[in-house]
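The sequence shown begins at 0 in the numbering used here and counts up by one. Below: one structure, written as structure tokens.
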Amino acid sequence: MKKFIEEFKSFALRGNVMDMAVGVIIGGAFSGIVTSLTDNFINPILNFLTGHAKYNTQDIAGFASAFVSAVINFLIMALILFCLMKGINKFLSFGQKKEEPAAPATKVCPFCKSEIAVDAVRCPHCTSELSK
Numbered sequence: 000m001k002k003f004i005e006e007f008k009s010f011a012l013r014g015n016v017m018d019m020a021v022g023v024i025i026g027g028a029f030s031g032i033v034t035s036l037t038d039n040f041i042n043p044i045l046n047f048l049t050g051h052a053k054y055n056t057q058d059i060a061g062f063a064s065a066f067v068s069a070v071i072n073f074l075i076m077a078l079i080l081f082c083l084m085k086g087i088n089k090f091l092s093f094g095q096k097k098e099e100p101a102a103p104a105t106k107v108c109p110f111c112k113s114e115i116a117v118d119a120v121r122c123p124h125c126t127s128e129l130s131k
């Protein structure tokens, strides 16, 4: 059972699967903005231009507030998703050890500023004696 859980975790938390899930969720949230834009701006403008409907100030304010509400919903969804992904990434990296950087193989000569081997006692370029 433990092996099954490990395999599922490696499948579900792979980069491609997580990216696709984030894309689907953000796409769904963004479709709310597009729908609100169409319903609250484009359709009323077309209705007004064709003489099909007349709007007062309250109607226009209602259209604007519905659109702003859709944008705020999208931003909240994006923020929650960002925090969730940040937490998942932190959880996944919790058990992993960080690789220590390798010791440098070269250093700079203090006299001629040439790159030389770390264990060199004399610079091959300027022949200066180096202290360790």
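Ideal Cβ placement from N, Cα and C applies to all residues, glycine included. None of the values given here were measured: they were computed from a predicted structure.
Check                                                           : Outcome
Those residues which DSSP pairs with K106 across a bridge       : I115
Three-way DSSP call (helix, strand, coil) for E98 in this model : coil
Within 8 Å, strictly: CB atoms of V117 and A104                 : yes
8 Å Cβ cutoff met for F62 and P43                               : yes
Exposure label - S35; buried when at least 16 CB within 10 Å    : buried
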